[in-house]
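To get this note's numbering, take the position in the sequence shown, counting from 1, and add 71.
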Amino acid sequence: MDHVRGCADNKEFYSVASMKDVAAMAGVSISTVSRVISGNIPVDHGTAERVKSAISSLDFRPNLLASGLRSKSGKLIGLVVPGLYEPFASIIGHLEYTTAQHGYSLVVGNSRSQPALEQRFVDNLIRRHVDGLIFTPVSHETTVIDRVLDSEVPVVWFDRVWDDDRILTVRLDNREAGAIAGKHLCEHGHERIVVVTGPSNVDLCHDRLEGFVSAVRTKGEDIPHDHVLVGDFSFESGVAAGVSILERNIDCTAVWAQNDLMAIGVLKAFSSHGVNVPGDVSIMGLDGIPLTRMVHPEITTVEQPLQEMCEDLFSKILHAETLVEESDRHRVFRPTLLKGQSVKSVSKHEGVADIIQN
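In structure tokens, the structure reads:
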């Protein structure tokens with residue numbers, strides 16, 4: 072015991088104050104203190120001075136071995152996605168290119184929309200001391216989110232919203248995306264529209280649906296409850312939705328799917344049953360993935376500016392501690408209409424139900 076106390080009294084080897092104490096005194100996060108100590112990532116001058124003052128006041132002396140290991144950046148960026156389907160496959164490609172341009176490597180974890188697997192990937196990436204974490208959480212489960220926030224890793228949410236200013240966000244204006252789709256179909260005379268949504272527990276699906284319904288109502292139309300089918304963003308769920316429309320004889324002139332993969336799945340189901348697109352029924356998607364240009368007919372969709380969004384994701388990781396303005400910390404990108412050949416103008420008497428009956 073005496074020997075232990077003797078070592079503790081020697082401040083060259085031990086500090087009573089912790090990094091958490093320094094952060095509390097300076098009014099900053101633990102990660103900010105770490106950055107000031109390492110000097111690897113720029114920190115606002117005023118903030119850095121407060122941290123240095125707190126370090127001096129508390130006589131804080133970091134564990135030199137541990138801080139030395141942390142200060143040697145591994146040039147790694149972690150990315151955790153709910154699946155390898157689009158648009159995440161494209162996002163991985165864009166981020167791999169962007170990070171490589173700056174000498175970083177991308178480490179990807181596919182949670183398969185499973186919270187337990189997501190937690191495991193996040194824990195592993197944090198233990199590997201990644202320089203930043205880009206994350207699309209599959210739910211509002213607080214355990215994994217608290218784990219991220221308690222770490223010293225800069226984190227950016229992609230296409231999700233979270234009420235905590237420590238989390239930076241990059242997302243699409245999903246309401247506007249839905250509104251663009253609704254307006255486009257209405258302008259082509261479509262009144263009887265089926266919507267294929269993503270999972271009901273994902274906020275962006277509600278936003279896209281609300282934007283779509285609002286645009287349709289502005290044109291004097293509405294979307295009946297039985298015209299809303301729930302998918303899971305996969306090609307297979309799009310096929311299932313298309314088959315369901317045909318088997319239930321749902322009267323519609325158009326189908327809007329909340330992502331392109333499901334739209335292509337609906338196209339597959341219709342084509343397999345002799346329904347012509349857009350001759351018999353129109354189809355529209357959302358994302359603007361390259362695959363929409365590779366099918367026949369090319370899918371009309373609402374495009375996310377994925378390359379620009381990925382560049383902003385990486386930029387936020389690099390400059391996390393210097394971002395002060397709300398517009399810099401939480402950026403919302405605007406979608407655009409990308410026309411294909413899958414939507415046509417219709418009269419009131421056309422629709423897929425007529426085709427089935429005939």
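The C-beta atom is built at its ideal place from N, Cα and C for all residues, glycine as well.
The Cβ-Cβ distance between Q375 and D358 falls below 8 Å. By the Cβ criterion, the segment 206-221 is not in contact with the segment 240-248, since fewer than three pairs of Cβ atoms, one from each stretch, lie closer than 8 Å. Each of H367, A328, R237 was checked against the Cα of V299, and the nearest Cα belongs to A328. When only Cα atoms are considered, G269 and G154 end up about 13 Å apart.
Taking the CA atoms as reference points, V99 sits about 14 Å from S89. When the five nearest sequence neighbours on each side are left out, the beta carbons in the same chain lying within less than 6 Å of the beta carbon of L338 are those of V348, I354, in order along the chain.
Taking S416 as reference, the option from G260, E120, L394 with the minimal CA-CA separation is G260. Residue burial annotation: S398 is exposed, with fewer than 16 other C-beta atoms found within 10 angstroms of its C-beta. Between V352 and A252, the gap from beta carbon to beta carbon reaches 8 Å or more.
Annotation: the continuous beta strand (DSSP E) that includes I264 extends over 264-268. Of the candidates P158, F283, G149, Q190, the residue whose Cα lies closest to the Cα of S176 is G149.
Judged by DSSP secondary structure, G164 falls within the alpha helix (DSSP H) whose first and last residues are 159-172.
Approximately 6 Å separates the beta-carbon atoms of Y156 and F304; this is inside 8 Å, confirming the contact.
Residue E318 holds the alpha-carbon nearest to the alpha-carbon of H344 among M380, A334, E318, D278. For V107 and A171, the gap between their C-alpha atoms comes out near 25 Å. In the three-state reduction of the DSSP assignment, D202 falls in the coil class, being assigned neither a helical nor a strand state. Take R405, set aside five residues on each side of it, and the residues of its chain with a beta-carbon closer than 7 Å to its own are D244, E247, in chain order. Membership of L300 in the beta strand (DSSP E) is indicated by the continuous run 299-301.
In the structure shown, I335 falls within a helical segment according to DSSP collapsed to helix, strand and coil. Per DSSP, reduced to three states, the secondary structure at V99 is coil, with no helix or strand assignment. Here DSSP, grouped into helix, strand and coil, assigns R402 to strand. Each of G291, K123, H173, G164 was checked against the Cα of E258, and the nearest Cα belongs to G291. Contact annotation: L275 and V414 have beta-carbon atoms that are not nearer than 8 Å. Beta-bridge analysis with DSSP links N181 to V152. Taking C-beta separations shorter than 8 Å and ignoring five residues to either side along the sequence, the partners of N330 in its chain run E157, P158, G269, F304, G356, L357, D358, following chain order. If the five residues before and after V178 are omitted, its C-beta is found closer than 8 Å to the C-beta atoms of L147, I148, G149, L150, L196, R199, V201, all from its own chain and listed in chain order. In the three-state reduction of the DSSP assignment, I197 falls in the helix class. Considering only D230, T407, D115, G282, the residue with the shortest C-alpha distance to A391 is D115. A direct Cα-to-Cα measurement between I321 and A311 gives close to 14 Å.
In the DSSP secondary-structure assignment, F229 is bridged to V241. Across the set V209, D194, R400, E167, the C-alpha of V209 shows the shortest separation from the C-alpha of R183.
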